[in-house]
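What follows is one structure encoded as structure tokens, with my remarks underneath.
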Amino acid sequence: MGAVSWPLRQWALHPNAIDQNISISDLIVDSDSCHWRWSPKLCFNVASAYECLAGNNWNDRSADRKSVWSLQVPQRIRLFVWKALHGQLMTQLERAQRRLTSDPSCPICKSGPETLPHTFRDCPAVQGIWSRFFAPDDSEFYQSQFQNWLLRNLNSRTSASHNGIPWCILFSTFLRLLWKRRNDYVFSSETWPLGDLFNCAIVGQNLECIAWSKLPAQWLSLNTDGAVDMVNGSSSIGGVIGSCDGSWLSGFNKYIGISTPLQTELWGIFIGLQVAWSLGVEFLQVQVDNSEAVNLVNDLNAERSRFPLVRSFADLRNHCWAT
Ligand SMILES: [Zn+2]
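So the sequence shown is numbered by full-length UniProt numbering: it starts at 1 and just counts up by one.
Printed below as a string of structure tokens:
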């Protein structure tokens with residue numbers, strides 16, 4: 001087989017695989033025939049070709065994995081960054097290529113096609129956030145290839161001038177907030193001032209609470225999280241209860257129905273507390289990644305909160321246990 005260029009390959013394989021082609025060395029040639037080396041029956045099929053190409057790039061992808069999955073950020077941010085790194089976010093250009101829209105331009109600035117580099121770095125509407133840290137003429141920051149740009153920033157542990165927060169955490173949080181800001185504008189016509197974005201990343205993420213920390217003896221931990229479909233609002237929650245050394249004791253998940261992200265987080269904590277109480281837990285530390293939900297639950301006036309769920313928390317926490 002010579003050089004082939006299947007459009008689907010760039011979606012199914014790591015981009016580094018695009019430059020690699022199946023070559024003559026993949027064939028076994030004898031006196032009057034040739035055979036495909038990578039299948040047991042020596043006959044070519046697409047599955048074995050995929051294994052051949054993907055397998056060649058396994059090691060290349062390990063660096064990407066480590067950069068993303070070792071980040072000390074909530075799992076949803078890791079997953080988002082992974083999608084961005086592998087071009088799996090539906091920009092206007094991608095939608096236009098799939099004939100889902102006739103307009104591939106950036107919905108915010110309209111100055112060019114909405115590609116991933118444009119969305120996260122080059123759009124005039126987002127450069128203000130980066131110029132807080134980098135000079136506008138910083139060619140290294142603004143002109144490098146998109147994936148290299150992502151990886152270099154994801155691997156940066158610099159914390160000077162970033163309120164003590166490692167740059168990789170701030171950067172990945174910014175990326176997700178930029179995408180949320182873009183989606184809010186596209187689907188709800190809501191706009192976020194960049195100052196709000198900055199404050200949300202710095203303050204709202206409550207970053208110091210993200211990493212797991214060892215509990216005192218006798219204490220158990222409850223970790224909960226929620227997921228909301230941004231299209232139809234349907235949501236689910238899940239959580240785990242672990243011992244003081246981090247080992248798994250119990251878990252749960254539940255479909256909530258139509259809900260907001262904040263209400264979903266609150267439902268996760270509430271169901272988790274109910275499960276923990278039913279197990280007879282006496283000392284429980286609740287770990288969540290939503291500072292707004294934490295503030296509501298810890299509010300001294302929670303018993304008079306406008307959220308019925310928060311009022312229920314207050315009642316549940318008044319049982320004979322420490323949370
Ligand atoms: Zn733009």
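The beta carbon of each residue, even a glycine, is placed where N, CA and C say it ideally should be. The structure displayed is predicted, hence computed values, not measured ones.
Can you tell me whether residue i is buried or exposed, with buried defined as 16 or more other CB within 10 angstroms of its CB?
i           : result
residue 114 : buried
residue 286 : buried
residue 217 : exposed
residue 32  : exposed
residue 74  : buried
residue 85  : buried
residue 301 : exposed
residue 189 : exposed
residue 158 : exposed
residue 68  : buried
residue 119 : buried
residue 102 : exposed
residue 258 : exposed
residue 123 : buried
residue 246 : exposed
residue 290 : buried
residue 46  : exposed
residue 288 : buried
residue 177 : buried
residue 98  : exposed
residue 279 : exposed
residue 207 : Interpretation of residue 207 is limited by its pLDDT of 41, a score under 50 that renders its predicted location unreliable; the figure taken from the coordinates is listed afterwards. The residue is buried, with at least 16 neighbouring Cβ atoms inside 10 Å.
residue 222 : buried
residue 249 : exposed
Taking only the alpha-carbon atoms, compute the straight-line gap between residue i and residue j and give it to the nearest angstrom.
i           : j           : result
residue 150 : residue 277 : 43 Å
residue 240 : residue 264 : 16 Å
residue 52  : residue 266 : 47 Å
residue 209 : residue 225 : Because residue 209 carries a pLDDT of 38, less than 50, the predicted location of this residue cannot be relied on, and the following value inherits that uncertainty. One C-alpha to the other measures close to 14 Å.
residue 144 : residue 229 : 33 Å
residue 116 : residue 87  : 7 Å
residue 294 : residue 41  : 59 Å
residue 156 : residue 36  : 44 Å
residue 38  : residue 260 : 50 Å
residue 94  : residue 305 : 44 Å
residue 310 : residue 180 : 26 Å
residue 65  : residue 34  : 38 Å
residue 8   : residue 191 : Interpretation of residue 8 is limited by its pLDDT of 46, a score under 50 that renders its predicted location unreliable; the figure taken from the coordinates is listed afterwards. Rounded to whole angstroms, residue 8 to residue 191 spans 35 Å at the Cα level.
residue 105 : residue 112 : 5 Å
residue 167 : residue 44  : 47 Å
residue 243 : residue 184 : 39 Å
residue 284 : residue 187 : 40 Å
residue 100 : residue 90  : 10 Å
residue 292 : residue 268 : 14 Å
residue 303 : residue 129 : 39 Å
residue 298 : residue 314 : 9 Å
residue 238 : residue 146 : 34 Å
residue 83  : residue 232 : 21 Å
So what does residue i bridge to, in DSSP terms?
i           : result
residue 234 : 258
residue 225 : 238
residue 113 : 105
residue 286 : 222
residue 252 : 239
Please say whether residue j and residue i have beta carbons closer to each other than 8 Å?
i           : j           : result
residue 107 : residue 127 : no
residue 296 : residue 307 : yes
residue 71  : residue 169 : yes
residue 234 : residue 254 : no
residue 80  : residue 154 : no
residue 281 : residue 220 : yes
residue 252 : residue 312 : no
residue 173 : residue 256 : no
residue 109 : residue 125 : yes
With 8 Å set as the bound, which would you pick, yes or no: does the beta-carbon of residue i sit closer than that to a beta-carbon of chain B?
i           : result
residue 100 : Protein chains in the displayed structure number just one, and chain B is not present.
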